[in-house]
Amino acid sequence: MGDLGAADADYIRRVIAVQRGLEFGGRALLMVSLFPPAWLAGTGALAVAKILENMEIGHNVLHGQWDWMGDPEIHSTTWEWDAVSPAAGWKRSHNVVHHTYTNILGKDRDLGYSAIRVDPAQPWKPIHLFQPLYNLGLSLGFEYGIAIYDLELDKVAAGDKPWSQARAEIGGLWQKIRRQWIKDYVAFPLLSGPAAPTTLVANVVANVARNVWGHTVIFCGHFPAGAQTFTEDQLVDESPGGWYIRQVLGSANLDGPPLLHLMTGNLSHQIEHHLFPDMPSNRYAEIAPKVREVCARYGLPYTSGSLPRQYAGVLLTIARLALPGGGRRVAGGENAGWM
């Protein structure tokens, strides 16, 4: 981190410029989206722009990865991303809770997002019989699922969070949703004139494509075979080094070319991201071989695989755990000694 400098700053500014160029070009093409090739090209460009904004830009800026630049525009305290979930709520639930209590049952609410049973140690309920279906719904509307999840309504129901706080957060969420809807589903379609209906459909398709991609990448980060979960008892005596080991054991990477890493927001390097969440994402590929070598030296698993294989495994896990039982995935044996 000591050698961060102009090359890194140029990288994120270049990605932002490309993303904005794709969005501008996509929306310009949609002005004439009555012409099918223009609709296809415009929708594709807009979908890629939204993916880049959420994954490589928004997610990482909100982690504070680029705060060192001192740029008030590219800063975790000022960035508001192109999604319905307000940045403030996401930073609390993701940066603070998830990255602190990664894969700890009963602590990390990202384990199935309080809706999907992804570990056999999670209690089974009859509603889980339908989780393959509502996982599909979550995938299509992932930004809304994240936004509702960030409200922590389960804590409100349990009396652990005041309703007054939740009411204020719901108000903020509704304002953000309204802004997003006006932008994507009213303003830009109207600007397209006669092409308003096709532009509206294009915006819906682009948002759904972004949602499905984000769901796929994120679920591949902690739920594939090889990613381990932990109990609250293991947290009690966890050493500082044990925290790092838990990040390795609880995360999984995706193998692929540089374009895949860019489009996943470098969450294809999920292990490295969890070890160093505030490291600029363009550096993860550089340190990944070193992290893998350290894991091999000390006998720690380094879980990694192709996107199709990892996501297929996630879907199989969700289907299997829709039924009671399912075995155990909690870390134990030789790995427990590392904690």
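Residue numbers (this note's numbering): -6 to 332. For glycine and all other residues, C-beta sits at the position ideal for the given N, C-alpha and C.
- One Cα belongs to residue 237, the other to residue 268, and the distance between them is close to 6 Å.
- Partner residues in the beta bridge of residue 223, as assigned by DSSP, are 97.
- For residue 246, DSSP records a beta bridge to 297.
- DSSP places residue 6 in the uninterrupted alpha helix (DSSP H) bounded by -1 to 23.
- The DSSP-derived three-state label of residue 148 is helix.
- Restricting attention to 284, 313, 307 and 275, the CA atom closest to the CA of residue -3 is found in 275.
- If one requires a minimum length of 3 residues, no beta strand (DSSP E) run lies completely within the stretch 181 to 205.
- The stretch 224 to 236 makes no contact with the stretch 125 to 137: fewer than 3 CB pairs, one atom from each, lie closer than 8 Å.
- Within the same chain, and ignoring the five residues on either side of residue 210 in sequence, the residues whose Cβ sits closer than 6 Å to its Cβ are 257 and 260.
- DSSP places residue 272 in the coil class of the three-state scheme, outside both helix and strand.
- The beta carbon of residue 86 sits closer than 6 Å to the beta carbons of 143 from its chain, once the five residues preceding and following it are set aside; these are given in chain order.
- The shortest C-alpha to C-alpha distance from residue 95 to any of 15, 263, 0 and 196 is the one to 263.
- For residue 128, the uninterrupted alpha helix (DSSP H) segment begins and ends at 124 to 133.
- Counting of Cβ neighbours within 10 angstroms places residue 309 among the exposed residues, the total staying below 16.
- Around the beta carbon of residue 229, a 10 Å sphere encloses fewer than 16 other beta carbons of the protein chains shown; the residue is thus reported as exposed.
- Between residue 300 and residue 248, the alpha-carbon positions lie close to 7 Å from each other.
- With respect to the 8 Å criterion, residue 314 and residue 110 are classified as neighbours on the basis of their beta carbons.
- Per the C-alpha coordinates, the member of 195, 26, 75 and 37 positioned closest to residue 171 is 75.
- In terms of CA proximity to residue 10, 45 leads the group 21, 30, 45 and 32.
- Proximity of the stretch 184 to 193 to the stretch 59 to 66 falls short of the contact definition, fewer than three beta-carbon pairs being nearer than 8 Å.
- Residue state for residue 282 is assigned as helix, using DSSP reduced to three classes.
- The alpha-carbon of residue 134 is positioned some 18 Å away from that of residue 36.
- Within the same chain, Cβ atoms closer than 8 Å to the Cβ of residue 181 are found at 20, 23, 192 and 196, the five residues on either side in sequence being excluded.
- Classified as exposed, residue 71 has fewer than 16 neighbouring CB atoms from the shown chains inside 10 Å of its CB.
- Following the DSSP letters along the chain, one finds residue 164 inside the alpha helix (DSSP H) bounded by residues 156 to 174.
- Sequence-distant Cβ neighbours of residue 27 in its own chain, meaning closer than 8 Å and more than five residues away, are 187, 188 and 191.
- Membership of residue 38 in the alpha helix (DSSP H) is indicated by the continuous run 29 to 45.
- The Cβ atoms of residue 77 and residue 173 sit closer than 8 Å to each other.
- At least 8 Å separates the beta-carbon of residue 67 from that of residue 12.
- Measuring C-alpha to C-alpha distances from residue 56 to each of 271, 176 and 212 identifies 271 as the nearest.
- Residue 282 is classed as exposed because its beta carbon has fewer than 16 other beta carbons within 10 Å across all chains shown.
- Residue environment for residue 107: exposed (fewer than 16 other C-beta atoms within 10 angstroms of its C-beta).
- Contact annotation: residue 243 and residue 220 have beta-carbon atoms nearer than 8 Å.
- Less than 8 Å separates the beta-carbon of residue 307 from that of residue 212.
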